Amino acid sequence: MHRALVTLPLGLCVLSLTACPAKAPPRVQTAPASPPAVRVPPGCEKNQSGDYFHAQNPAFRYLGQDDGGTLTLAVVRAWADGGVESPDAGSVGIVLHRTPDGFVGETRATGFTGAGTPCPVAFPTEAVACADTGLTLRAASSTAIDEGCRPATSGPAPVRQEQVLLRGTPDAGL
């Protein structure tokens, strides 16, 4: 009987030790994740602010503002007397963001349904080249919308075309 008394306290001691929670491993501090690298065509990391005109139709002018992350191009039309219209809320605009997926964004405009209802539309747009002489953009040339101003669910896929915007203003003779 004496033996049972010695093993009982020893067994209780072992059980109590195994019931205690284990000490948590030390926490390893990790540095905060850095944002993914921005990947844009060469030269597009530079500030693209300034005046531009369309290489094929110089009557279309663009006023560019660049904050280092986003380039906004307000589209304005030149008049025969040499002046240009001021951009307003209804003007066509191009907004491009420098991202890990490129210098991408959209061209925003107003489209019309078959019944003539005006609708806001957006065309996917990306910068494919940036040079001292200007920008080359690739954008969908058209889109289809339904009567509710939503993107149409059928029809041909949009075709993307390159557009060249040259820096500065065209010659006065144009």
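Mapping the sequence shown onto the working numbering, position 88 (from 1) lands on 299, and the numbers just tick up by one.
Every residue, glycine too, gets a C-beta built ideally from N, C-alpha and C.
Fair warning: this is a prediction, and the values are worked out from it, not measured in the lab.
Buried or exposed by the 16-neighbour rule on C-beta atoms within 10 Å, applied to residue i
i	result
residue 281	exposed
residue 368	exposed
residue 250	exposed
residue 372	exposed
residue 216	Summary for residue 216: the model assigns pLDDT 45, below 50, so the residue's position carries little reliability; its value from the coordinates is reported in the next sentence. The residue in question, residue 216, is exposed, as its Cβ has fewer than 16 Cβ neighbours within 10 Å.
residue 370	exposed
residue 259	buried
residue 318	buried
residue 328	exposed
residue 316	buried
Beta strand (DSSP E) segment containing residue i, residue limits
i	result
residue 368	Unbroken run through residue 368: none, as it is neither H nor E.
residue 254	From DSSP, residue 254 is part of no beta strand (DSSP E); its letter is neither H nor E.
residue 283	281-288
residue 277	271-277
residue 261	261-265
Closest Cα partner of residue i within the set the options
i	options	result
residue 343	361, 376 and 248	376
residue 341	284, 257 and 363	257
residue 338	350, 327, 270 and 275	350
residue 363	264, 333, 267 and 274	333
residue 252	312, 352 and 381	312
residue 271	303, 279 and 248	303
residue 276	308, 328 and 358	308
residue 246	278, 310, 254 and 347	310
residue 358	278, 254, 326 and 255	326
Close beta carbons around residue i, own chain, < 8 Å, minus the five adjacent residues each side
i	result
residue 330	321, 322, 323, 324, 356 and 360
residue 345	263, 266, 375, 376, 377 and 378
residue 273	262, 263, 264, 265, 284, 285, 286, 287, 305 and 376
Contact with chain B by residue i, beta-carbon distance below 8 Å
i	result
residue 340	The displayed structure is made up of one protein chain only, and chain B is not part of it.
Own chain partners of residue i with C-beta closer than 7 Å, once the 5 adjacent residues on each side are dropped
i	result
residue 366	355
Fully enclosed by the region 291-353, which beta strand (DSSP E) runs are 3 residues long or longer? 304-310, 313-323, 329-342 and 345-351
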